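**Q**
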Amino acid sequence: MHIVVFVKQVPGTDNVKMDPETGVMIRTGKDVIINPLDENALTEAIKIKNSRSDVKVTAISMGPPSAERALKEAIAMGADAGILVSGREFAGSDTIATGKALAAAVRKAGDVDLIICGERATDGETGQTAVMVANYLGIPGETYVSSIEVKDSSVIVKRTVERGFERVEIAYPVLVSVNKDINEIGMPTLKGKLKAKTVPIASYDASGLGIDSTEVGLNGSPTRVVKVFSPKLSRDTIMKRADGTTQPVEELMSFLISKECI
Amino acid sequence: MSTYVNASVKKEHDLSQYKGVCVLGEQKDGQLLPVTFELIARGRTLADDLGCKLSCILLGDEIQEIEQVFHRGADRILFVKAPELQNFLPRPYQNAIVKLIQEEKPEIVIAAATTTGRTVMPLVAAKLNAGLTADCTSLTIDPDTKLLLQTRPAIGGNIMATIKTPQHRPQMATVRPRSSKPLPLDCNRTGELIIKEYENATFLTPEKFLEFIKDTTQTVSIEDAEIIVSGGKGMKNAEGFKMVEQLADLLGAGVGATRDAVELGWTTYPHQIGLSGKTVAPKLYIALGLSGKIAHLAGMQTSEVIIAVNKDPDAQIFKVADFAIVGDVFEVVPMMIQAIKQHKEKAKAETCALSS
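Sequence lines, in order, name chains A and B. Add 18 to a position in the first sequence, counting from 1, and you land on the number used in my numbering. Add 139 to a position in the second sequence, counting from 1, and you land on the number used in my numbering.
Put into C-alpha cells, the structure is as follows:
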C-alpha cells in the first residue's frame, strides 16, 4: 500500500507581515512550521504504516527550495520518501494551479492507494487544494475526516459535518483531508532523523512534472487578487472599566435587559 | 488521465454566453436548510445589479415545500432529482453540478461555506477550470467591469483580500453561513421550477454513504444557540475556562472558544469559532478573555449583541463589542455570574407570584 501525504510550510505565527505595495506575504525563511493539520495527516499515515506490513509513505511539498526541510521533517517522523515541487514558474499559483501541480507530483510518486492531507493550511485557509488534486487525479476526495478505518479494498471514513458525523466507505484509490480530531500529532524518531539525513529528496519543476508552465503560477490561475486591505471594524462601544465595585456589571445587566438579551 | 486533459483545455471561449446567477441550495432529509435562503438573499442582490435571473440549484430526491425558494426571492429552481442525491456524496454531487453548469452556463455560482459547499465547489471548479474563492464575507458587482468582486479574510484573517476571476466562467465563491439574512417571506412570489433528470451514469461513484450520526456531545449546539459564551487564552488554564462553561450553563448558552483555547485543550474542536472553526450569529455573544484576532472575529462579528471582557483596553474585540468591560475576567465574570443568578431568582419569584 502506498500512501501520499502533502506537507506545506506555513508561517509559524499569526502576526504575518504584508508588503503594503503588492499585498504579498513577506515570508521569512526562519519562522516557518509544517502546517499543523498536515502533521495530523502525516501522523495518520505513519499510524497506518505501523499497523500493517506493506505500507510506503511518500511526503510531497510544493514551495521554495527551502521547503525541502519540511520533507526531511516528514521523513524524521516516519515517511519513507520525499518529493519537492519547486520552481519560479509556480509563483502566484492559486488553488487550481497548485492542485494541478500536486496531482502531477502524485503521478511521479507512482501508483498511490491513499492520499492523506490536512483539511486546510493556516495561511491561505481555503481548504480547496486537496479536493482539487482529487479531481485532477480522477479519484474521490473526502473532506473533514476525523477517523480512517483502513480495509483491504476500501477505507471507511468518518466526516465531521454540521450537527453530526457521516460515515462513508470508498474503494481505493481515494484522497482524504483530515481535521485535528483525527489524532495527536506524532514526534520525530531517532531512526527517522538518521534516515532523513541520507534519503535524497527528489525535486521537480514544471517541465520535470510534464506540465506546461502556462498551467501553473499566475498564468494558470483563474483568480486574481485585486486589492488587499486591513479589515475595518466598528460598533458604537459602551466602555466601562472594572473598578472593584459591582457598578460596571450592574450597568451591563441593565444594558442586556434593555436589549432583551436575558 | 482524461480529467486532467479536459481541465487543461485552453478556454478562449466567449465569456458573454455565460448569463445569470445561480446559488447552490442545501437540503437534509428533504428539508431545505436555512442557508439556502441566505444564499438566495445574496444572489438576489447580485442578479439585480446585473439585471439577470436568479436560479437556485437543488440536489436531492424529494424536497418538501420547494416553493419556499421562490417565496424567498429566487426566479428559477434547477432541481436535479435522483435517489442517489438524497445524501451528500462528493462525486455524484460534483457530476450533477458540472453537468448543470455546462447546460445552463451561469455567469456566477455561489455556494455556502458549509462542509458540503466547501467540498463540492472545489471539485466543480477544478473540473470546469473555473476560479473559486473560499469563505467570502462580501460579494459585490464591480460597476465598471460587471465582474464579481469576492472579498475574503486571508493570512489568518489579518488582512482582507478582494479577488476577481477575469477570464474564466462561471465566477464561483463560497460564503460563510449566517453572514447574511434571508429576505422576508413573500408568499405571492412565484417562479419557474425546472426538474432535471440525468442518466444513472452521472451518479456512479466508488463512494458509499453508510450513515449519519447526530452529535450528542454538545448539550447546546453552538450553531443553533441564541446565546454563546466564548473564552480565549485570557482564561489562563483549563480550570479558568470552566468559568466560561459555568456562565454558559447559567444562561442556557452554547460554549464557544478561540483556536488558542482549543489548541491548549481547554475544550474541543466543535466549539471553535472563527475562520478555521464555526461561524455563528447568535442574539448575544459574550467574549471572555479573548483579544479578538480577525480570524476569530470572522466567525462571530455578525452577532446581534456583543459583550466583551478583557483586561487589555486596546483589545481588538472591543471594536466589535456593543458593551465592553476593561478588566480582569477573574474579577468581572464572577460578578456577572452573581448578577445573572440574582436576575433569574427575581424573575422566578415574579412568575411564582403571578401563578399563585
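From the three backbone atoms N, C-alpha and C, an ideal C-beta is built for every residue, glycine too. Please read these numbers as outputs of a predicted model, since none were measured by experiment.
Please tell me whether S111/A has its Cβ less than 8 Å away from any Cβ of chain B.
**A** No, because no Cβ of chain B sits closer than 8 Å to the Cβ of S111/A.
**Q** So, with DSSP's three-state summary, where would you put S194/B?
**A** In the structure shown, S194/B sits in a strand (DSSP, three-state: E or B).
**Q** Tell me the residue span of the beta strand (DSSP E) that contains T147/A.
**A** Run containing T147/A: none in the beta strand (DSSP E); it sits in the alpha helix (DSSP H), 147–155.
**Q** With 16 as the cutoff for other CB atoms within 10 Å, does N327/B come out buried or exposed?
**A** Burial call: exposed.
**Q** Cα-Cα, which of L178/B, L171/B, V219/B, G190/B is closest to L206/B?
**A** The sequence given here places Glu at residue 206/B; Leu does not occur at that position. Ranking the options by Cα distance to E206/B, first place goes to L171/B.
**Q** Within the same chain, show all residues whose beta-carbon is closer than 7 Å to that of S171/A, passing over the 5 residues directly before and after it, in chain order.
**A** Excluding positions up to five away in sequence, the list reads A189, Y190.
**Q** Among all the DSSP beta bridges, which residues are the ones paired with N449/B?
**A** N449/B is bridged to V465/B.
**Q** Considering only C-alpha positions, which residue in the set I280/A, L274/A, K250/A, G262/A is nearest to Q440/B?
**A** Here the closest residue by C-alpha is K250/A.
**Q** In terms of alpha-carbon separation, which member of N339/B, G438/B, L197/B, S155/B lies closest to C191/B?
**A** Among N339/B, G438/B, L197/B, S155/B, the Cα nearest to that of C191/B belongs to S155/B.
**Q** Would you say K266/B faces chain A, with C-beta separation under 8 Å as the test?
**A** Yes, K266/B lies at the interface with chain A (some Cβ there is under 8 Å from its Cβ).
**Q** Among residues of its own chain, excluding the 5 on either side of S277/B, which ones have a beta-carbon nearer than 6 Å to its beta-carbon?
**A** Closer than 6 Å at Cβ, skipping near neighbours: T290.
**Q** Figure out for me which residue from L403/B, V368/B, E201/B, P409/B has the closest Cα to the Cα of I334/B.
**A** Among L403/B, V368/B, E201/B, P409/B, the Cα nearest to that of I334/B belongs to E201/B.
**Q** Between the alpha carbons of D133/B and A63/A, how many angstroms are there, rounded?
**A** Only positions 140 to 495 of chain B appear in this structure, which leaves residue 133/B out of reach.
**Q** Given a limit of 9 Å on CB to CB distance, which residues of the region 151–175 of chain A reach chain B?
**A** Going along the region 151–175 of chain A in chain order, one finds V151, A152, N153, Y154, L155, G156, I157, P158, G159, E160, T161, Y162, S164, S172, I174 with a Cβ nearer than 9 Å to chain B.
**Q** Can you check DSSP and say which residues form a bridge with F314/A?
**A** Residue 314/A lies beyond the stretch modelled for chain A, which goes from 19 to 280, so this question has no answer here.
**Q** Write down every uninterrupted run of the alpha helix (DSSP H) in the region 161–217 of chain A whose length is 4 residues or greater and which is fully enclosed by it, in chain order.
**A** Whole alpha helix (DSSP H) segments, 4+ residues: 208–216.
**Q** Output needed for M19/A: all residues of its chain with C-beta closer than 6 Å, excluding positions within five of it in sequence on either side, in chain order.
**A** Counting only Cβ-Cβ distances below 6 Å, and skipping sequence neighbours, we find D72, V73, D131.
**Q** Would you decide whether K3/A is buried or exposed? Buried here means 16 or more other CB atoms lie within 10 Å of its CB.
**A** Outside the displayed range of chain A (19 to 280) lies residue 3/A, so it cannot be described from this structure.
**Q** Using the C-alpha atoms, what's the distance from G416/B back to K167/B?
**A** If I take the Cα positions, the gap works out to 21 Å.
**Q** Taking the straight line between their C-alpha atoms, what separation do you get for Y337/B and A235/B?
**A** Taking the straight line joining both Cα atoms gives about 8 Å.
**Q** Mind checking which residues open and close the alpha helix (DSSP H) that includes I64/A?
**A** Looking at the DSSP string, the run of the alpha helix (DSSP H) that includes I64/A is 54–69.
**Q** Thinking C-beta only, is S195/A closer than 8 Å to T161/A?
**A** Contact flag set, yes.
**Q** List the residues of chain A whose Cβ lies closer than 9 Å to the Cβ of M475/B, in chain order.
**A** Simply V267, L270, M271.
**Q** Would you say G81/A and D223/A are within 8 Å of each other, going by their C-beta atoms?
**A** Not a contact, by the Cβ cut-off of 8 Å.
**Q** Check each residue of the region 216–237 of chain B: if its Cβ is closer than 8 Å to any Cβ of chain A, include it; give the result in chain order.
**A** Result list: N226, F227, L228, P229, R230, Q233.
**Q** Give me, in chain order, the residues of the same chain whose beta-carbon lies closer than 8 Å to that of L217/B; leave out the 5 immediate sequence neighbours on both sides.
**A** C161, S194, C195, I196, L197, L239, E243, I333, K335.
**Q** Mind checking if V160/B is an interface residue toward chain A, Cβ cutoff 8 Å exclusive?
**A** It does not: the Cβ of V160/B has no partner Cβ on chain A nearer than 8 Å.
**Q** So within the region 85–121 of chain A, which uninterrupted alpha helix (DSSP H) runs reach at least 4 residues, ignoring any that extend past its ends?
**A** As far as the region 85–121 of chain A is concerned, its whole alpha helix (DSSP H) runs of at least 4 residues are 86–95.
**Q** For K67/A, which residues from the same chain have a beta carbon less than 6 Å from its beta carbon, with the 5 sequence-adjacent residues on both sides left out?
**A** Around K67/A: V73, V75.
**Q** Strictly by DSSP, which residues pair up with S79/A?
**A** For S79/A, which the question treats as bridged, DSSP gives the partners L102/A.
**Q** Starting from the beta carbon of Y337/B, find every residue of chain A whose beta carbon is closer than 9 Å, and list them in chain order.
**A** Under the 9 Å cutoff, chain A gives no residues; its nearest Cβ is about 19 Å from Y337/B.
**Q** If you compare alpha carbons, which of I256/A, R253/A, K215/A, R177/A is closest to A92/A?
**A** The option with the nearest alpha carbon to A92/A is K215/A.
**Q** Here's the rule I'm using: 16 or more other beta-carbon atoms within 10 Å means buried, otherwise exposed. How should K150/B be labelled?
**A** Since pLDDT at K150/B reaches only 49, below the 50 mark, its modelled position is unreliable, and the value read off the structure follows with that caveat. Exposed, since its Cβ has fewer than 16 Cβ neighbours within 10 Å.
**Q** Counting only Cβ-Cβ distances shorter than 7 Å, please list the residues of the region 311–342 of chain B near chain A, keeping chain order.
**A** Of all residues in the region 311–342 of chain B, none has a Cβ within less than 7 Å of some Cβ in chain A.
**Q** Taking the runs of the alpha helix (DSSP H) that are 4 residues or longer, which of them lie wholly in the region 362–450 of chain B?
**A** With a minimum length of 4 residues, the continuous alpha helix (DSSP H) runs that stay inside the region 362–450 of chain B are 377–390, 398–402, 433–436.
**Q** Spell out the partners DSSP gives L324/B in its beta bridges.
**A** Beta-bridge pairing links L324/B to no other residue.
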